[in-house]
Every structure is written in structure tokens, then in C-alpha cells.
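**Q** So for the sequence shown, this note's numbering puts the first residue at 1033; every next one is plus one.
One structure follows; several queries about it will come next.
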Amino acid sequence: GGHAICLVGYTNDYFIVRNSWGKDWGDGGFAYASNNYAEAAFLDETYGAVL
């Protein structure tokens, strides 16, 4: 186990996603997910902390 992603930003077209696999993955550790993909893929299993 031990994998995490975090939505760290967005534009009108996509979300900016930080991956826990390090800087060698994706675009320096980041990926870009379209709004449709993010809604379909991420919202089923979302966890967070309330501060």
C-alpha cells in the first residue's frame, strides 16, 4: 500500500494533481486530470482532513 494523490490546483480545463510516487513520475510528480476524469475517477474514493 501507501499511495496518495492530492488535488493541488485547477484551471478551467483541468485539475493539477500531485502524486506520492515522487518527481520521476509524470510531470515532475504532477499530473493533469480533466474535469470529467477527475469527477469520474476521484470522487468515488476521496478522503481528507478537517482542520
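Every residue gets a Cβ at the ideal spot worked out from N, C-alpha and C, and that includes glycine.
Treat the numbers as computed from the prediction; the structure is a model and nothing was measured.
#1: State the DSSP-derived secondary structure class of alanine 1073, mapped to helix, strand or coil.
#2: For valine 1040, is the classification buried or exposed, using 16 other Cβ atoms within 10 angstroms of its Cβ as the cut-off for buried?
#3: Beta-carbon within less than 6 Å of aspartate 1059's beta-carbon, same chain only, minus the 5 sequence neighbours each way: which residues are those?
#4: Using three-state DSSP, classify asparagine 1044 as helix, strand or coil.
#5: Provide the residue span of the beta strand (DSSP E) that contains serine 1052, from first to last.
**A** On the basis of the coordinates in this document:
#1: helix
#2: exposed
#3: none
#4: coil
#5: Premise fails: serine 1052 is in no beta strand (DSSP E) and is neither H nor E.
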